[in-house]
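> If you use the UniProt record's numbering, the sequence shown corresponds to residues 1 to 489, in order.
Idealized CB from N, CA, C, for every residue including glycine.
These numbers come from a predicted model, not from an experiment.
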Amino acid sequence: MMQGFPSLGEKDPAAKPPAEGKPTSASGEKQPSEAVQGIPLYQGEGNNQEGLKRFVVQGYKDVWAAILYILCIFAIAGIGVHAMWSRGSSEEKQEVKTTTAENEPSNSKSLWSVYFLVGVAAAASIGAASVSFLLMRMFPRKTILFANIAAIIINIISALLAILSGHMVSGILMMTLCALHILWFFFARHRIPFAAELLKASIDVLSGYKAVYLLNVMLCVGCTGLLMLWANAFMWTFQRSQAQDSSFSGIIYLFLMLFLFWTSQVTTNLMHVTTAGLTATWYFAGKENMPKNPTLASFKRGTTTSFGSICFGSLLVAIIRLIRWLVSTAEGSEHEILRCIFLCIIGCLERLMEYFNTYAFVHVAIYGCGYIEAAKMTWELCKQCVFSALFNDTLIDVTLGLLATCGSLLVGSVFGFLLKSWAAFALGFAVSILVHLLIFSPVGSAVTTLFVCYAEVPEGLEHSSPDLYAALQRTDQNGTSNGAAPPRV
């Protein structure tokens, strides 16, 4: 266990005396009997050194996964560069020059117009997201309540429209899902105050450390570069398979698809780990005692010692997604019903694995541990308060999803109205959705991290932020089963 970090299931000293032989720190937090050796992530930084002791660098974890992913990057880069070189050398230079000379003015003008529209749409989307941030910060409880009720109303309207248009089966299915949504919301309504406090605190954290968005943009740019190489490699493989039917091309296809799924997971999970590390530091150190550059420190650990753990967990999801892709693209199946059932099962397994990884990577961000150890901690947390986590995440996800959709529809509608073009509407909506996802994804990561920290170590927040601790303890009502003691007067 981490030094200064109590094991799962232990209670606050004020609620239950520590076991015999279990020392306590000067601040009152319990110390585990066994501590993990490691180099402190924040050495001599911040005033709350007791709270920062839990952040250590234990060395490189799951190195094999990191090496395997890096080798895959080199392989994709090699195939992509070879594909570009082969295509360039096979083209007729004179024909290329003539075509370029004839079309360059009009193409250049069109491209600059698109670039300008994308830039304006991105700026407008940032403004819309900022308004959403303001609403969530000032009225978190009302925003969550409104978003979830609005989602139910939209589902009811969609079901009625489907029935009225003659699609009875789809309408009945949608109405059934809507009834289940209403039933779920009835049971989850008492968790709204707790989710609202977590949402407001997450907005406060991210508002003070906007560097996390810059790092996310940099990761997206790097991922885009990899995808460009991947696209060239894919086209080369496709042309090769058309020219000569070989099993070797099929193997490359599988490798390319696995790398595509793996890269998407690694990128999003690295963003998640960076945000989780920042949020956990804020949780244990306190707003006034934060060390220097906590975002950069979390990102550095995520791209070095914890990168193997990220690659390991991401690979598991990528393999499941590859299997689902293979089954869904299979042709000529004689057992269509069994195929649909299998796709449903494998899809559920994929979603469960992604959801499990969300919490596992929070432990990776806090402890710097390997993926297997993080998975064990996550399983213990699931046994402790899985339903509380599900209620909290669903409330937040619906809220963020509805706000992102409304903001994107607004931006797209303005573009379509001003330019009187459906293409402009589609472009504005697409750009706005991407911007909202980029901005809102750290919010979800921060909320999840605060939930994990409070569920496992509530007393850590009592020392760093007593006001937030009192609010969470009051609204949680021990729903996380963490035995949090009443706030000290």
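How is Phe-307 classed by DSSP in three states: helix, strand or coil?
Three-state DSSP puts Phe-307 in a helix.
> Do Ser-309 and Gly-370 have their CB atoms nearer than 8 Å?
Their beta carbons are under 8 Å apart, which means Ser-309 touches Gly-370 by this criterion.
> Keeping to the same chain, check which residues put their C-beta closer than 6 Å to that of Val-63; ignore five residues upstream and five downstream.
Around Val-63: Gly-308.
> Can you tell me whether Val-447 is buried or exposed? The criterion is at least 16 other CB atoms within 10 Å of its CB, across all chains shown.
Per the 10 Å Cβ criterion, buried.
> Relative to the alpha-carbon of Leu-390, which residue among Thr-480, Leu-437, Ile-323 and Ile-341 has its alpha-carbon at the smallest distance?
Considering only alpha carbons, the answer is Thr-480.
> Can you tell me whether Trp-282 is buried or exposed? The criterion is at least 16 other CB atoms within 10 Å of its CB, across all chains shown.
Buried, since its Cβ has 16 or more Cβ neighbours within 10 Å.
> Taking all protein chains shown into account, do 16 or more other C-beta atoms lie within 10 angstroms of the C-beta of Gly-208, making it buried, or fewer, making it exposed?
So Gly-208 ends up on the exposed side.
> Return the chain-ordered list of same chain residues with a C-beta closer than 7 Å to the C-beta of Leu-450, the five sequence neighbours on each side being excluded.
Taken in chain order, the residues that qualify are Leu-198, Ala-201, Ser-202, Thr-279 and Tyr-283.
> Helix, strand or coil: how does DSSP classify Gly-208 here?
Looking at Gly-208 - three-state DSSP - the assignment turns out to be helix.
> Could you pull out every residue in the same chain whose Cβ sits closer than 7 Å to the Cβ of Phe-185, ignoring the five residues on either side in sequence?
Once the five neighbours on either side are set aside, the close Cβ partners of Phe-185 are Asn-148 and Ile-152.
> On the three-pair Cβ rule with 8 Å, is the stretch 318-327 touching the stretch 251-264?
Yes: the two stretches touch, three or more of their Cβ pairs being nearer than 8 Å.
> Report buried or exposed for Asn-478, applying the criterion of at least 16 other Cβ atoms within 10 angstroms of its Cβ.
Classification of Asn-478: exposed, given that the 10 Å Cβ count is below 16.
> Skipping 5 residues on each side, what residues in its chain have a beta carbon closer than 7 Å to that of Ala-404?
Hits under 7 Å: Ile-433, His-436, Leu-437 and Phe-440.
> I believe Val-212 touches Thr-295 by the beta-carbon criterion, under 8 Å. Please report the beta-carbon distance rounded to the nearest angstrom.
Rounded, the Cβ-Cβ distance is 5 Å, consistent with contact.
> Please state whether DSSP places Pro-466 in a helix, a strand or coil.
Correct three-state label for Pro-466: helix.
> Under DSSP, the alpha helix (DSSP H) around Lys-383 begins and ends at which residues?
Its alpha helix (DSSP H) spans residues 371-419.
> Taking the alpha carbon of Tyr-69 as the reference point, which residue from Val-452, Asn-392, Leu-260 and Phe-429 has its own alpha carbon closest?
For Tyr-69, the nearest C-alpha among the options comes from Leu-260.
> Can you tell me whether Ala-485 is helix, strand or coil according to DSSP?
Note: Ala-485 maps to coil in three-state DSSP.
> Using alpha carbons as the reference points, say which of Ala-188, Leu-206 and Ile-172 lies closest to Arg-137.
The residue with the shortest Cα to Cα distance from Arg-137 is Leu-206.
> Just how far apart, CA to CA, sit Ala-231 and Gly-80?
So the alpha carbons of these two residues sit roughly 8 Å apart.
> Starting from Lys-142, follow the alpha helix (DSSP H) in both directions and report where the run begins and ends.
Note, Lys-142: alpha helix (DSSP H), 140-164.
> Is DSSP giving Gly-291 helix, strand or coil here?
Per the sequence presented here, residue 291 reads as Pro, with Gly not at that position. Reduced to three states, the DSSP call for Pro-291 is coil.
> Whole angstroms is fine: what's the gap from Ala-159's alpha carbon to Ala-150's?
Using only the alpha carbons, I get a separation of about 14 Å.
> Out of curiosity, what's the CA-to-CA distance linking residue 547 and Leu-400?
Given that the chain is displayed from residue 1 to residue 489, the structure contains no residue 547 and the question cannot be resolved.
> By Cβ distance, which residues of its chain are closer than 6 Å to Leu-227, with the 5 residues on each side in sequence left out?
Nothing meets the Cβ criterion.
> Using DSSP with H/G/I as helix, E/B as strand and the rest coil, what is Gly-368?
Looking at Gly-368 - three-state DSSP - the assignment turns out to be coil, as it is neither helix nor strand.
> Report all residues from its chain with a CB closer than 8 Å to the CB of Glu-350; omit the five preceding and five following residues, and keep chain order.
Result list for Glu-350: Val-317, Ile-320, Arg-321 and Arg-324, in chain order.
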